[in-house]
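Residue numbers (UniProt numbering): 1 to 343.
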């Protein structure tokens with residue numbers, strides 16, 4: 001994924017992440033950048049303080065652990081989505097791939113942990129690869145390609161489970177189940193796996209040539225090609241990565257639930273996109289960072305937890321509150337992005 005571009009005869013582009021202001025930036029530019037980078041984090045802190053003052057059960061160990069573990073699966077999906085959106089793309093298939101990955105992992109767990117992990121990674125990664133090839137080589141719209149993949153993956157999952165009537169269980173005494181239900185230093189194993197993946201993702205995005213290509217393609221695809229960036233290979237790589245992350249998240253979720261639940265994953269693609277955008281990654285591409293997506297996931301989970309703590313709010317209105325919050329964040333991010341370009 002970090003191959004050079006000797007076949008073009010051009011030097012690899014040197015691209016600084018656009019959310020890093022250049023030397024000599026004005027005060028307004030710096031404030032806009034800080035707001036885009038850390039606005040979600042400030043909002044998260046304020047929301048947690050308000051929730052802890054309003055609900056006695058919010059800061060309890062059990063509640064925090066439940067939020068952390070449930071956030072881990074969405075965070076892994078959002079990690080792959082971050083790379084896709086920075087390139088200016090979108091991936092609507094991740095929710096179905098999440099469900100498919102969970103079912104395949106539960107089915108494969110009877111043959112050992114290796115099969116339980118590798119099977120969903122192979123299948124979901126292959127679907128992501130096909131998405132990337134169609135988008136990059138055939139120049140099809142990401143929305144259409146990944147929408148078709150969403151339907152196809154959901155259909156494959158139903159075929160594997162006999163129209164959803166078959167539920168595959170995971171033996172609680174296996175190492176695979178430990179990956180979902182185990183604890184390390186008092187914290188769930190899925191949380192540790194998620195933290196490790198985000199650290200790795202941040203290093204790849206910020207410190208490798210591939211990360212520079214991701215920003216370059218999202219910033220200006222034509223300019224990136226002229227500078228020698230392998231545009232098609234970069235797109236294929238990020239969609240493959242998104243498929244792998246969705247499959248892995250589904251596998252970990254199956255290990256946590258000790259079963260492959262067929263009804264999961266519906267709407268997860270929208271949650272992942274929301275978390276990435278809330279975290280400061282622009283839908284237009286070329287700007288974003290991994291840690292922001294993690295903050296976005298945590299903020300969504302805190303809001304959902306607060307709504308559950310209230311209890312009296314109808315589920316339909318819960319969706320209204322979440323949707324309104326996302327709309328406000330998108331408008332703010334768009335305004336900040338335009339302000340920075342004008343300045």
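Even glycine gets a Cβ: it sits at the ideal position worked out from N, Cα and C.
> Between which two residues does the alpha helix (DSSP H) harbouring residue 227 extend?
Replying inline: From DSSP, residue 227 is part of no alpha helix (DSSP H); its letter is neither H nor E.
> Among the residues of its own chain, which have a CB less than 7 Å from the CB of residue 59, if the five just before and after it don't count?
Replying inline: 52
> Should residue 271 be labelled buried (16 or more other beta-carbon atoms within 10 Å of its own) or exposed?
Replying inline: The residue in question, residue 271, is buried, as its Cβ has 16 or more Cβ neighbours within 10 Å.
>> By alpha-carbon positions, which one of 120, 62, 54 ends up nearest to residue 252?
In response: 120
>> What would DSSP say about residue 169, mapped onto helix, strand or coil?
In response: strand
> Nearest to residue 90 by alpha carbon, out of 286, 273, 304, 216?
Replying inline: The option with the nearest alpha carbon to residue 90 is 273.
> Roughly how many angstroms lie between the CA atoms of residue 218 and residue 84, to the nearest whole one?
Replying inline: 9 Å
>> I'd like to confirm the pairing. Which residues does DSSP put opposite residue 184 in its beta bridges?
In response: 187
>> Taking the alpha helix (DSSP H) that residue 62 belongs to, which residues open and close that run?
In response: Segment 61-86, the alpha helix (DSSP H) holding residue 62.
>> Could you compute how far the alpha carbon of residue 88 sits from the alpha carbon of residue 284?
In response: Approximately 5 Å, taken between the alpha carbons.
> Is the distance from the Cβ of residue 153 to the Cβ of residue 96 below 7 Å?
Replying inline: yes
>> Nearest by alpha-carbon distance to residue 249: which of 179, 183, 86, 150 is it?
In response: For residue 249, the nearest C-alpha among the options comes from 179.
>> Using only the alpha-carbon positions, how far apart do residue 239 and residue 131 sit?
In response: Roughly 6 Å between the two C-alpha positions.
>> Quick check: the region 71-82 against the region 186-194, are at least 3 beta-carbon pairs closer than 8 Å?
In response: With the cut-off at 8 Å, the region 186-194 and the region 71-82 touch.
> Using a Cβ-Cβ cut-off of 7 Å (strictly less than) and excluding sequence neighbours within five positions of residue 184, which residues of its own chain qualify?
Replying inline: 192
> Which first and last residues belong to the alpha helix (DSSP H) in which residue 141 is found?
Replying inline: Unbroken run through residue 141: none, as it is neither H nor E.
> In terms of residues, what are the limits of the alpha helix (DSSP H) holding residue 286?
Replying inline: Careful: residue 286 lies outside any alpha helix (DSSP H) and carries neither H nor E.
> In angstroms, rounded to a whole number, what distance separates the CA positions of residue 301 and residue 170?
Replying inline: Computed Cα separation, rounded: 27 Å.
>> Rounded to the nearest angstrom, what separates residue 292 and residue 167 at their Cα positions?
In response: 36 Å
>> Quick check on residue 266: does DSSP put it in helix, strand or coil?
In response: In the structure shown, residue 266 sits in coil (DSSP, three-state: anything other than H, G, I, E or B).
> Sorted by chain position, which residues of the same chain lie with C-beta nearer than 6 Å to residue 1's C-beta, five sequence neighbours on each side aside?
Replying inline: For residue 1, the pLDDT reaches just 41, beneath the cut-off of 50, and the residue's location in the model is therefore unreliable, although a value from the coordinates is still provided. For residue 1, same chain residues with a beta-carbon under 6 Å away, outside a window of 5 residues either side, are 210, 237 in chain order.
>> In whole angstroms, give me the CA-to-CA distance for residue 262 and residue 164.
In response: 6 Å
>> Can you list, in chain order, the residues of its chain with a C-beta nearer than 7 Å to that of residue 134? Leave out the 5 residues immediately preceding and following it.
In response: 140, 145
> Using the C-alpha atoms, what's the distance from residue 47 back to residue 241?
Replying inline: 32 Å
>> One question on the structure: do residue 82 and residue 281 come within less than 7 Å of each other, judged by their Cβ atoms?
In response: yes
> Exposed or buried, residue 39, counting other C-beta atoms within 10 Å across all chains shown (16 or more means buried)?
Replying inline: buried
> CA-CA distance, residue 16 and residue 207?
Replying inline: For residue 16, the predicted model reports a pLDDT of 49, less than 50, meaning its position is unreliable; a value from the coordinates is still stated below. For residue 16 and residue 207, the distance between alpha carbons rounds to 10 Å.
>> What does the alpha-carbon distance come out to for the pair residue 67 and residue 226?
In response: 45 Å
> Along the chain, where does the alpha helix (DSSP H) that runs through residue 98 open and close?
Replying inline: 94-108
> Excluding the five sequence neighbours on either side, which residues of its own chain have a C-beta within less than 7 Å of the C-beta of residue 245, listed in chain order?
Replying inline: The residues are 76, 77, 79, 80.
>> Taking the straight line between their C-alpha atoms, what separation do you get for residue 200 and residue 290?
In response: Within the model, the alpha-carbon separation for residue 200 versus residue 290 is close to 10 Å.
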